[in-house]
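Accompanying notes for the structure given below.
Numbering (the numbering used here), first residue to last: 112 to 234.
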């Protein structure tokens, strides 16, 4: 997935987005903690400067405009987006946490199973 140390990469609508998310988790001894995980989604809006302005997490039905400061992208030209979205919808339907990866590498491994073959050598 493309990313940059100081800036987010230039996005296009339809790109695959990977971001860290959190949700409250009750722990009897400590009270409420935040569970951190990584999720995949589709870019649905891009600002003029190429920064993601909206996205939809796979397994949800709403567009979110609260874009995290850091995210990674995989171009829609490199991955079969209809296939990955269909597969993720099936997975989330069977298990609500299917789009919650403990580390980014696990999300990337999942996404690479949907990579398209390119006609250019070395790309």
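Ideal Cβ positions, reconstructed from N, Cα and C, are used throughout, including at glycine.
These numbers were taken from a predicted model, which means no experiment stands behind them.
Open item on the list: Suppose contacts are defined by Cβ-Cβ distances below 8 Å. Is residue 187 in contact with residue 175 by that definition?
Closed with: no
Task: Complete beta strand (DSSP E) runs within the region 121-156 (minimum length 3 residues, chain order) - done: 127-138
Task: Beta-carbon contacts of residue 225 that lie in its chain and below 6 Å, excluding the five residues immediately before and after - done: 190, 191, 194 and 195
Open item on the list: Between residue 170 and residue 199, how many whole angstroms is the CB-CB distance? I'm expecting something under 8 Å.
Closed with: 6 Å
Task: Alpha-carbon spacing of residue 152 relative to residue 179, whole angstroms - done: 13 Å
TODO: Give the secondary structure of residue 195 by DSSP, where H, G and I count as helix, E and B as strand, and everything else as coil.
DONE: helix
TODO: Check each candidate in 185, 211, 218 and 209 and name the one with the smallest Cα separation from residue 227.
DONE: 185
Task: Euclidean distance between Cα positions of residue 137 and residue 148 - done: 16 Å
- [ ] Could you check if residue 182 is buried or exposed, using at least 16 other CB atoms within 10 Å of its CB as the buried criterion?
- [x] buried
- [ ] Answer yes or no: do residue 122 and residue 168 have a C-beta to C-beta separation smaller than 8 Å?
- [x] no
Open item on the list: If you reduce the DSSP assignment to three classes, tell me which class residue 206 lands in.
Closed with: coil
Open item on the list: Taking the straight line between their C-alpha atoms, what separation do you get for residue 232 and residue 141?
Closed with: The predicted model places residue 232 with a pLDDT of 46, which falls under 50 and marks its position as unreliable, so this point remains unresolved.
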